[in-house]
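Residue 107 is where the sequence shown ends in the numbering used here, and the numbering goes up by one at each step. Beta carbons: idealized from backbone N, C-alpha and C, even for Gly. Just so we're clear, the structure is a prediction, and the values are computed from it rather than from any experiment. In what follows, a structure is listed as structure tokens, so that the remarks can point back to it.
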Amino acid sequence: GESPSLLHTNTEHTWSETHSRCLRIASTLSSSSLGINSGQVVSVIGPNVPSVYELQFAVPMSGAVLNNINPRLDAHALSVLLRHSESKLVFVDHHSTSLALEAVS
3 GESPSLLHTN TEHTWSETHS RCLRIASTLS SSSLGINSGQ VVSVIGPNVP
53 SVYELQFAVP MSGAVLNNIN PRLDAHALSV LLRHSESKLV FVDHHSTSLA
103 LEAVS
């Protein structure tokens, strides 16, 4: 319910809010616009921030498989992990954008 699930800087969410937010993300993942099917891999490259926290719940709620990738890896290691996992979608924190672009090029 109403007890906090997330406290980060100036952000606070209750478990009810977190559940609602994760359901919306999960629904979007499996919608026709993104088309992520059950069992497909969704990768996340980012630090421990609220958006990444929510993906920890939302991706499995959608039926997809979550692949957390350490943002401290180099582009070659990211590339290997993304190819090996056969990721269908990759979420990237804005601090890791250039690294992720290098990994997929």
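Consult DSSP for E88 and reduce its assignment to one of helix, strand or coil. coil
Answer with buried or exposed for G48, where buried requires no fewer than 16 other C-beta atoms within 10 angstroms of its C-beta. When all chains shown are included, G48 counts as buried.
Going by DSSP, name the residue or residues bridged to S45. N69 and V92
At 4 residues or longer, and completely inside the stretch 6 to 57: list those alpha helix (DSSP H) runs for me, N to C. For the stretch 6 to 57, the continuous alpha helix (DSSP H) assignments of 4+ residues that do not extend past its boundaries occur at 17 to 32, in sequence order.
Could you tell me the boundaries of the alpha helix (DSSP H) in which V100 lies? The residue you asked about is not Val; residue 100 is Ser in the sequence shown. Residues T99 to V106.
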